[in-house]
Amino acid sequence: MGIFFVFLLRSMLKKLLFIFFISSFIGNRSCYATELKKEDTLKINNLTTTGRDLIIKGDYIKADSFIGEALLFSQKINYKNGIYNAFLNKGVTFWYQENFPKSLDYLLKALKVAEELGNKLFISRALSNIGLVHASKSNYTEALDYYQRAMIIKKEIGDKKAVAILLSNMARIYGDMKNNKTALDYYYRSLEANKKVLDNDGLVALNYTGIGGIYKELGAYGEAKLYYTDALKISESMNDKMRISSTLVSIGALDLVQKDYKLAEQNLQKGLKMAIEIANVTNQRDAYQKLSELYENQSNWSLGLSNYRNYIKLQDSIFNSGNTKKMVQLEMSYEFDKKDAVLRSEQEKKAVLVAAEKRKQQVIIWSVFGILLLAIGFTVYVYKNYKEKQKINVEITKQKHIIEEKQKEILDSIYYAKRIQTALITSEKYIERNLNKLNNKL
91 MGIFFVFLLR SMLKKLLFIF FISSFIGNRS CYATELKKED TLKINNLTTT
141 GRDLIIKGDY IKADSFIGEA LLFSQKINYK NGIYNAFLNK GVTFWYQENF
191 PKSLDYLLKA LKVAEELGNK LFISRALSNI GLVHASKSNY TEALDYYQRA
241 MIIKKEIGDK KAVAILLSNM ARIYGDMKNN KTALDYYYRS LEANKKVLDN
291 DGLVALNYTG IGGIYKELGA YGEAKLYYTD ALKISESMND KMRISSTLVS
341 IGALDLVQKD YKLAEQNLQK GLKMAIEIAN VTNQRDAYQK LSELYENQSN
391 WSLGLSNYRN YIKLQDSIFN SGNTKKMVQL EMSYEFDKKD AVLRSEQEKK
441 AVLVAAEKRK QQVIIWSVFG ILLLAIGFTV YVYKNYKEKQ KINVEITKQK
491 HIIEEKQKEI LDSIYYAKRI QTALITSEKY IERNLNKLNN KL
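Residue 221 in our numbering is what sits at position 131 of the sequence shown, and the numbering runs on without skipping anything.
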């Protein structure tokens, strides 16, 4: 019976341990993820870097090909960092091409992934670029809001380069709002912040162009020309076609104000050609607008009208109500998805807690059942053991009575024989007395 009890105990312990192991495994299954191979992530990072370089060079179609490949591969192996970078770069690519709805769509997707990762750097980059899209659509309040949100994070994580860029972007918004004093203040603050950053000539060129624009508005054409010229030199040294195109258009507009029509036409046409080459709609629009003014001043009504029509066409493509509505819908959709994701997350947490509680209850039930079964087994064992002992005691008592009876019979027999012997055998005193009598006679 003892062997049976030990076997039962071991069996129940094994079952309890198995249940506990399964419960723990299920509860922690989310901690396990497919290990990413180094060669895969390296390939994706190389595709991303190539795509970024092509964006800077203005080859957006080729850039999108590399970025698209990086996105597909990242999604295949669930490489979140790669997915984020692909979404962000696609958003930037479409921004350069003035396809603002698509740009915003991808940037909001990037922001969502960044928030899932909890990566502050990624979040701030997405916010900055979303602000840029709104600024390009003259949604100044929204743009400044996104920039401010990004700025808080950038300062928190110590991203000095990004802080300088955000100051420049905010300066441009104030310039577009004709708040020239504030705009200049932000441009100079950006240049000062940029001194703490190495290898950021692109931002210097951007700030010089912005400052040149402010001086042009203030009528300080000489100062404006100096800043524009310096900006152009830096952009050309970097082969930044988008910035070169923009600066040439700005210089051409300045030449137009100064009534240097020949030089103005040269710079505007060069800027327009490069803008068409890189499919930059904003620079094309600005160039067409200034060319229409130029030809109108020269009484060249045909060219003036042709360029003006092109300007209106591109202006409508950028600011048409359909695009604006689509952008609003995208942001509303993002906010809805974000709230929905929070709600789903809360529901999933509750479901996990309920499942964990259920598993806990199951473990407790199995444990109680096991203990109860062990207790029953032990009770049965003790009871059977007790009955066995009781049976043995009864048998021993019975045997004892038998032995006692036998012993009594033997003793009685002995006593009886002794009495007979005693009766048959003459006592020694009798013999001695008779012997003494015989001796006296003699």
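Glycine is no exception: its CB is placed at the ideal position from the N, C-alpha and C atoms.
6 Å Cβ shell around residue i - same chain, five flanking residues per side excluded
i      : result
Asn397 : Tyr378, Leu381 and Ser382
Asn175 : Thr138
Ser423 : Its pLDDT being 44, under 50, Ser423 is placed unreliably by the model, and the measurement read from it follows with that caveat. The answer is none, since no qualifying residue turns up.
Leu433 : Residue placement at Leu433 is flagged as unreliable, the pLDDT there being 49, under the threshold of 50; the coordinate-derived value follows with that caveat. The answer is none, since no qualifying residue turns up.
Leu161 : Ala176
Lys527 : none
Leu322 : Thr337
Ala273 : Ala261, Tyr264, Gly265 and Ile304
Within 8 Å, strictly: CB atoms of residue i and residue j
i      : j      : result
Ile366 : Lys331 : no
Asn284 : Ala254 : yes
Tyr305 : Ala295 : no
Ala233 : Ala225 : yes
Glu246 : Lys210 : yes
Thr131 : Tyr169 : yes
Tyr318 : Ser340 : yes
Asn297 : Tyr277 : yes
Arg279 : Leu257 : yes
Leu358 : Leu384 : yes
Gly300 : Arg262 : yes
Ile134 : Phe163 : yes
Gly221 : Tyr237 : yes
Segment limits, alpha helix (DSSP H) that includes residue i
i      : result
Glu282 : Asn270 to Asn284
Ile324 : Tyr311 to Met328
Lys127 : Segment: none, Lys127 is in no alpha helix (DSSP H) and carries neither H nor E.
Lys306 : Asp291 to Leu308
Asp249 : Neither: Asp249 is in no alpha helix (DSSP H) and is coded neither H nor E.
Gly158 : Tyr150 to Ile167
Asn179 : Lys170 to Tyr186
Contacts around residue i, its chain only, beta-carbon distance under 7 Å, and the 5 residues preceding and following it disregarded
i      : result
Ala200 : Tyr174, Phe177, Leu178, Gly181 and Ala216
Met328 : Asp291 and Gly292
Glu307 : Asn270
Ser325 : Ala295, Arg333, Ile334 and Thr337
Lys147 : Asn329 and Lys331
Lys488 : none
Inter-residue CB distance, residue i and residue j (contact presumed, cutoff 8 Å)
i      : j      : result
Lys352 : Leu338 : With a Cβ gap of about 15 Å, Lys352 and Leu338 do not count as contacting.
Ile167 : Ile213 : Incorrect: roughly 23 Å between the Cβ atoms, too far for contact.
Tyr230 : Asp266 : 7 Å
Lys286 : Lys250 : 5 Å
Neighbourhood of residue i by C-beta distance below 8 Å, restricted to the same chain and skipping five residues each side
i      : result
Asp159 : Reading off the sequence shown, one finds Glu at residue 159, where the question assumed Asp. Correct list, in chain order: Leu137.
Tyr150 : Leu144, Thr183, Tyr186, Gln187, Ile368 and Ala369
Any C-beta of chain E under 8 Å from that of residue i
i      : result
Arg262 : Note that chain E does not occur in the displayed structure, where there is just one protein chain.
Margin query: Suppose only complete runs of 3+ residues qualify. What are the beta strand (DSSP E) ranges in the segment 191 to 242, listed by chain order?
Written below: none
Note to self: Quick check on the DSSP output: what are the complete alpha helix (DSSP H) runs of length 4 or more inside the segment 321 to 381, in order along the chain?
What the structure shows: 331 to 347 and 351 to 367
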